[in-house]
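Working notes, structure below.
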Amino acid sequence: MLKHHPHAPILLAYLRVFAISVAAFVVCTTEFIPIAMLTDIGKGFNMSAADTGIMITVYAWVVSLASLPLMLLAANAERRRLLLALFAVFVAGHGLSAVAWSFPVLLASRVLIAFTHALFWAITASLVMRLAPVGRRQQTLGWLSLGTSMATVLGLPLGRLVGQWLGWRVTFALIGVLALGVMVLLAKILPHLESKNAGSLKSLPLLAKRPHLLGMYAMAVLIVSAHFTAYSYIEPYVLEITHMPPDTATALLLVFGLSGMAASWLYSRFYPKHPNPTLLSSAALLLVSLLLLRPLGGSTAAMFALSLVWGTGIGVLGLSMVAHVIRYAPDATDVANAIYSGSYNIGIGGGALLGGIISRHWGLGTLGWVGTALAAAALAVFAWTQLGFKIKQT
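If you're matching positions, the sequence shown starts at 927 in the numbering used here and goes up one per residue.
So, in structure tokens, the structure goes:
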């Protein structure tokens, strides 16, 4: 048994981190699963894919608006109990999604789930670092990233397949069942975890005086908007522009997700010693991918190669930005992460909304160009705020 193993404390620590990573997999799967099912959901309610894309925007903006207020309300809450409570709401939300009798009801269920998402990501990065074995903090952050990457490796393609075979409602129902299993696992293995270095309302004026941190928030809004302007509509893009069959489009999503595994390894390998170059390089990869989206959009083989590069770039970038935020706010990690999560989701919602407007009025083929412009603006913000100031921790 584990408790009699000579390395039991280390093994238990890894098991706890693994459980949180599985939870991250479930949460990320439900956030992005509409991307893989926009067309089918639209057909279910006699709507276009561009119109149903509003559910991505609403979800993301609820997360962005709720992250900081919920974090401040829960700042002193014991973390194990908090996680179990939010997963109970998460499961209930998916039950409502599965039986939604109209698009507004589906949208309401997504709002409910978005509240749990907001609080989950506000506390998770600092939580896995607390649970990590001694000397393995960056490695466990990579594990958390692997959980999010597997959402695109397995969650999106499998969700799309289930949606194609059994309907999108079954996909939402199965996510709810999986979340219930995760809830039971967390209840069994997580210890009592009091709030630690979470920060409070008093932390906000201090954080506002840190230009590096503010720069990361601004960069997150811009670079994530760049990504999701195009990625939110990748399914209709490859169906209409690349003329891929539906099964090939599913395989493309799988390749995009697999790139996240490479991203996790690259982050663990390079970020600890080269934080700024790692972040800058990954952002540049994303920019180049968006720049090439239209020129390569007519070739199936080129789109598969591009999705691998694109997915690697956004994967390393997401991890690097989280690590930068923690680095700049060690005294108020949960509050800083809540603001970052809000910034990230402003980018998701803004990108999805912008992508929908562009695809309706100027066509799917122009998405990459707009994403490129936003990514260039994000790199300019990085150069100004990360390289133009000395680090201030006051």
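The beta carbon of each residue, even a glycine, is placed where N, CA and C say it ideally should be.
Bounds of any alpha helix (DSSP H) do not take in R1136, whose DSSP letter is neither H nor E. Nearest Cα to G1275 within the set V953, T983, L1082 and T1176: T983.
With 16 or more other CB atoms across the displayed protein chains lying within 10 angstroms of its CB, L1070 is buried. Membership of G1089 in the alpha helix (DSSP H) is indicated by the continuous run L1082 to L1092. D1260 is classed as buried because its beta carbon has at least 16 other beta carbons within 10 Å across all chains shown. Counting the other CB atoms within 10 Å of its CB gives S1052 a total of 16 or more, which places it among the buried residues. A straight line joining the alpha-carbon of L1218 with that of A1299 spans about 13 Å. Beta-carbon to beta-carbon, V1164 and L1178 are separated by about 6 Å, close enough to satisfy the 8 Å threshold.
Distances from the alpha-carbon of S1225 to those of G1186, P1171 and L1184 put P1171 closest. Segment contact: the segment 1252-1272 against the segment 971-983, fewer than three CB-CB distances shorter than 8 Å; contact not assigned. When C-alpha distances from A1048 are compared across T1311, R1005 and L1038, the shortest belongs to R1005.
In the three-state scheme derived from DSSP, where H, G and I count as helix and E and B as strand, D977 is classed as helix. Nearest in C-alpha terms to F1196, of all of L1243, V1037, W987 and R1007, is L1243.
Between A1152 and L1212, the gap from beta carbon to beta carbon is short of 8 Å. For F1016, the uninterrupted alpha helix (DSSP H) segment begins and ends at R1005 to V1025. One alpha carbon belongs to Y1159, the other to T1168, and they sit about 13 Å apart. Rounded to the nearest whole angstrom, the C-alpha separation of I946 and F1098 is 21 Å.
In the three-state reduction of the DSSP assignment, F971 falls in the coil class. Here G1089 has M963, D966 and T1097 as same chain residues with Cβ atoms under 6 Å from its own Cβ, once five neighbours each way along the sequence are excluded. Between A1014 and L938, the alpha-carbon positions lie close to 24 Å from each other. Annotation: G968 to L1133 spans about 42 Å, alpha carbon to alpha carbon.
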